[in-house]
Amino acid sequence: MKQGITKLIALCIFTLATSTASVADVARLAPDASALCPDDGSGGSHVVFLFDLSELRTGEGRVIDEAFLDWVVPNLSSDEEILFAVYRMESSWNAVQVATGLELPLWDSDEVSGWSIEPLDFQRHGGLVRLNLRPLVEDWLDGTQANHGVFVEFSDSPSVELASELNAARLIIRYGFVQ
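Positions in the sequence shown are counted from 1; adding 6 to them yields my numbering.
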């Protein structure tokens, strides 16, 4: 009987601890700034995004569970594989100057995340691009890296609609607090 009571107490403590261990939040952030880089003749596209993380709750024990850049890129070719790569921006930038080619963005050469879309992906989910930015978002939030945004390159030529569809991208962050 003593063993049964001990197990019951342990189960109650475990249930209480796990039910109060974290409070989950989800932030769905539209870009604060974005720009399509001018065509460089490579046959691909280059885009920069900046997301303001100041609306995330702060506090001791914050844990980032997921951070994805989700974007359905308009008018991608559905006949071939398209590769995406994300890089951390190294310095601040101005969207107008980037879009007009007056200021070329500086980015880190180490890829943060990648994604590919194959022809079947268009049938499955309409060409959704989901780029994992969790390590980068964690670095921004803990101050390890300055948040200057991300540089996204992909192996498809820019469409006419691409510049007007940049605000459709969302940085979705799921996070909580460990007590």
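We put the CB at the ideal spot given by N, CA and C, even for glycine.
Since we're looking at a predicted model, the values are computed, not measured.
Identify, in the order they occur along the chain, each residue of the same chain with its Cβ nearer than 6 Å to the Cβ of Leu172, setting aside the five sequence neighbours on each side.
For the purposes of this step, residue 172 is taken as the residue at position 166 of the sequence shown. Excluding sequence neighbours, Leu172 sits near Ser40.
Inter-residue spacing [alpha-carbon to alpha-carbon] between Leu81 and Glu66:
Here residue 81 is taken as the residue at index 75 of the sequence shown, counted from 1. Here residue 66 is taken as the residue at index 60 of the sequence shown, counted from 1. The displayed chain sequence assigns Asn, not Leu, to residue 81. If you take the alpha carbons of Asn81 and Glu66, they lie about 43 Å apart.
Leu126, enclosing alpha helix (DSSP H) - first and last residue:
As a working note, residue 126 is residue 120 in the sequence shown. Pro125 to His131 is the span of the alpha helix (DSSP H), which, as asked, contains Leu126.
Which of helix, strand or coil does DSSP assign to Leu75?
Sequence index remark: in the sequence shown, residue 75 carries index 69 (1-based). Residue state, collapsed to three classes: strand.
For a minimum of 3 consecutive residues, which ranges assigned as the beta strand (DSSP E) are wholly contained in the segment 128 to 182?
DSSP assignment within the segment 128 to 182 yields the following whole beta strand (DSSP E) runs of 3 residues or more, N-terminal first: 134 to 138 and 156 to 160.
Tell me whether the segment 29 to 39 and the segment 147 to 154 touch, counting them as touching only if at least three CB pairs, one residue from each stretch, are closer than 8 Å.
Between the segment 29 to 39 and the segment 147 to 154 there are fewer than three inter-stretch CB-CB distances shorter than 8 Å, so the stretches are not counted as touching.
Mapping DSSP to helix, strand and coil, what is Val92?
To locate residue 92, count along the sequence shown from 1; it is residue 86. Secondary structure at Val92: strand, using DSSP grouped into helix, strand and coil.
Look at the Cβ atom of Asp45, then the Cβ atom of Pro164, and state whether they are nearer than 8 Å.
Stepping through the sequence shown from its first residue, residue 45 is reached at position 39. Stepping through the sequence shown from its first residue, residue 164 is reached at position 158. When the beta-carbon positions are compared, Asp45 and Pro164 come within less than 8 Å of each other.
DSSP state of Val102, grouped into three classes?
Here residue 102 refers to the residue found at position 96 when the sequence shown is read from its first residue. DSSP places Val102 in helix when its eight states are reduced to three.
Which value, in whole angstroms, describes the spacing of the CA atoms of Leu56 and Leu110?
Numbered from 1 along the sequence shown, position 50 holds the residue referred to as residue 56. Numbered from 1 along the sequence shown, position 104 holds the residue referred to as residue 110. Looking at the backbone, the Cα of Leu56 and that of Leu110 are separated by about 15 Å.
Skipping 5 residues on each side, what residues in its chain have a beta carbon closer than 7 Å to that of Ser119?
Looking up residue 119 in the sequence shown gives position 113. Cβ neighbours of Ser119 beyond the five flanking positions: Val92, Leu137, Asn138 and Leu139.
Close Cβ partners of Gly49 (< 6 Å) along its chain, the five nearest in sequence each way excluded:
Numbered from its first residue, the sequence shown carries residue 49 at position 43. For Gly49, where only same-chain residues beyond five positions count, the Cβ hits under 6 Å are Ser163.
Tell whether a beta-carbon distance below 8 Å holds between Glu96 and Arg180.
To locate residue 96, count along the sequence shown from 1; it is residue 90. To locate residue 180, count along the sequence shown from 1; it is residue 174. No, these two residues do not count as a Cβ contact at 8 Å.
Distance check for Gly182 and Ala175, CA to CA, integer angstroms please.
To locate residue 175, count along the sequence shown from 1; it is residue 169. To locate residue 182, count along the sequence shown from 1; it is residue 176. Within the model, the alpha-carbon separation for Ala175 versus Gly182 is close to 23 Å.
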